[in-house]
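S.K.: Numbering (the numbering used here), first residue to last: 1 to 192. From the three backbone atoms N, C-alpha and C, an ideal C-beta is built for every residue, glycine too. Remember, it's a predicted structure, so these values are computed and weren't measured experimentally.
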Amino acid sequence: MTEAQLTTERKLKTFTWIVTFLVLVLVGLMRRVKVPLPEGVDFSFLPPFYSLLNALAAVTLLASLYFIKKKKVDIHRKLNFLALGLSALFLLCYVLYHFTTPETVFGDADGDKVLSAVEAATVAGVRPYYLALLFSHIFLAAVSLPFILLTFIKAYTEQFEQHKKYARYVWPVWFYVCLTGPICYLLLKPYY
1 MTEAQLTTER KLKTFTWIVT FLVLVLVGLM RRVKVPLPEG VDFSFLPPFY SLLNALAAVT
61 LLASLYFIKK KKVDIHRKLN FLALGLSALF LLCYVLYHFT TPETVFGDAD GDKVLSAVEA
121 ATVAGVRPYY LALLFSHIFL AAVSLPFILL TFIKAYTEQF EQHKKYARYV WPVWFYVCLT
181 GPICYLLLKP YY
């Protein structure tokens with residue numbers, strides 16, 4: 001590895017940890033801080049949009065895996081850039097929506113943002129599964145972010161063997177996160 005590659009890798013790793021920290025802070029704040037929107041501005045269109053971005057990222061990751069197995073490295077690389085871009089756009093839309101819009105509660109049929117005893121009883125058989133899926137999605141999204149970026153850095157700095165070692169573990173987690181996001185949205189959709 002050349003000195004230039006080492007310098008690039010160090011800078012990218014620093015960037016990775018700064019981005020990870022900022023994303024975690026934003027995600028932590030977005031449930032506590034709500035930014036009022038001007039009259040007539042509504043971001044209710046964002047959940048289906050960012051869920052679509054997540055689904056497209058999942059498809060892109062599948063295609064990326066397919067092409068690397070076919071030894072088509074250039075297509076694999078372009079698809080990974082696309083998956084990163086889709087995931088970054090998803091994150092921006094997700095944070096924007098949650099900073100500006102009250103939380104949607106699974107099972108809240110009347111839309112008052114409170115799960116009454118009757119509503120809780122209605123979804124009692126499904127809610128634990130939804131919450132397990134949601135919490136695994138959120139936890140793995142948070143934990144995987146730096147590893148996704150570090151895996152990308154290994155390829156970008158031409159450390160392909162290490163990239164393959166990282167990707168073997170990171171890819172399935174990233175794919176799971178991209179896949180479970182739209183599933184959580186579809187389960188929550190009746191309550192928006």
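Let me know if residue 74 comes out buried or exposed under the rule of 16 or more other beta-carbons within 10 Å of its beta-carbon.
M.R.: The sequence position of residue 74 within the sequence shown is 74, counting from 1. The residue in question, residue 74, is exposed, as its Cβ has fewer than 16 Cβ neighbours within 10 Å.
S.K.: Quick one: give me the first and last residue of the alpha helix (DSSP H) that residue 89 is part of.
M.R.: For the purposes of this step, residue 89 is taken as the residue at position 89 of the sequence shown. 73-100 is the extent of the alpha helix (DSSP H) around residue 89.
S.K.: So what's residue 213 in DSSP terms, helix, strand or just coil?
M.R.: The displayed coordinates of the chain run from 1 to 192. Any statement about residue 213 would go beyond what the structure contains.
S.K.: Work out the CA separation of residue 3 and residue 97 for me, nearest whole Å.
M.R.: Counting from 1 along the sequence shown, the entry for residue 97 is found at position 97. Counting from 1 along the sequence shown, the entry for residue 3 is found at position 3. Those two C-alpha atoms are separated by around 42 Å.
S.K.: Going by beta-carbon coordinates alone, are residue 134 and residue 184 separated by less than 7 Å?
M.R.: Your numbering for residue 134 matches position 134 in the sequence shown. Your numbering for residue 184 matches position 184 in the sequence shown. Yes; because the gap between Cβ atoms is below 7 Å, this pair is in contact.
S.K.: Out of 55, 172, 35, which has the shortest C-alpha to C-alpha gap to residue 82?
M.R.: Position 82 of the sequence shown, counted from the first residue, corresponds to residue 82. Of the candidates 55, 172, 35, the one whose C-alpha sits nearest the C-alpha of residue 82 is 55.
S.K.: In whole angstroms, what separates the C-alpha of residue 117 from that of residue 123?
M.R.: Residue numbering aside, residue 117 sits at position 117 when the sequence shown is read from its first letter. Residue numbering aside, residue 123 sits at position 123 when the sequence shown is read from its first letter. Residue 117 and residue 123: Cα-Cα distance of roughly 10 Å.
S.K.: Can you round the beta-carbon distance between residue 30 and residue 90 to whole angstroms, since I take them to be within the 8 Å contact cut?
M.R.: Mapped onto the sequence shown, residue 30 falls at position 30. Mapped onto the sequence shown, residue 90 falls at position 90. 14 Å between Cβ atoms; not a contact.
S.K.: Would you call residue 113 buried or exposed, if buried means 16 or more other Cβ atoms sit within 10 Å of its Cβ?
M.R.: Residue 113 sits at position 113 when you count from the first residue of the sequence shown. Label assigned to residue 113: exposed.
S.K.: Can you give the Cα-Cα distance for residue 111 and residue 101, rounded to whole angstroms?
M.R.: Along the sequence shown, read from residue 1 onward, the residue named residue 111 stands at position 111. Along the sequence shown, read from residue 1 onward, the residue named residue 101 stands at position 101. When rounded, the distance between both Cα atoms is 13 Å.
S.K.: Does the beta carbon of residue 128 fall short of 6 Å from some heavy atom of the ligand FMN?
M.R.: The ligand content of the structure shown is nil, which means the ligand FMN is not present either.
S.K.: Below 7 Å between beta carbons: does that hold for residue 108 and residue 191?
M.R.: For the purposes of this step, residue 108 is taken as residue 108 along the sequence shown, with counting starting at 1. For the purposes of this step, residue 191 is taken as residue 191 along the sequence shown, with counting starting at 1. Closer than 7 Å, so yes.
S.K.: Might you give, ordered along the chain, the residues of its own chain that have their beta carbon closer than 7 Å to the beta carbon of residue 163, omitting 5 neighbours on each side?
M.R.: Sequence index remark: in the sequence shown, residue 163 carries index 163 (1-based). The residues are 151, 154, 155.
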